[in-house]
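In our numbering, the protein residues as written are 2 to 103.
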C-alpha cells in the first residue's frame, strides 16, 4: 500500500538557500547641476524684472545643461526650462522696449 504524502518542500534546500537582504543600501542619485538651478531661478526672476536677466539666465542655463550632460548630473530639464524662460523674458523685454509706444 502506497500512501501519498502531501507536498512537503525539501528542508535542506530551504535552509541552505540564499535569502536576499531586504536592507541593501539604495544607490545614491547624482547631484543636481548648480548652474542649471541658478539659471532657472534667474530666468524666473527675469520674468518680473525685465532687465538683462533673460539673456543672463539663458546663458547660465546653457552652461548648466552642458555640465549636466557632460558630467552625468541631474537638472537637464531644469536647464532647458531656464533657457526657454530666458528667451521668453528677453522677447517680452524687446516687445515692451521697442514695439509698445510709451
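For each residue, glycine too, the CB sits at the ideal point set by N, CA and C.
Rounded to the nearest whole angstrom, the C-alpha separation of residue 22 and residue 33 is 30 Å. Counting C-beta pairs closer than 8 Å gives fewer than three between the segment 48-56 and the segment 64-80, which falls short of the contact rule.
Counting along the chain, the unbroken alpha helix (DSSP H) around residue 38 starts and ends at 35-47. The beta-bridge partner set that DSSP reports for residue 75 consists of 33. Secondary structure of residue 101 (DSSP, three-state): coil. Here the alpha carbon of residue 31 sits roughly 26 Å from the alpha carbon of residue 87. When the Cα atoms are used, residue 25 and residue 94 turn out to be separated by approximately 53 Å. Taking the Cβ atoms as the reference, residue 40 lies roughly 3 Å from residue 62, within the contact range of under 8 Å. Per DSSP, reduced to three states, the secondary structure at residue 23 is coil, with no helix or strand assignment.
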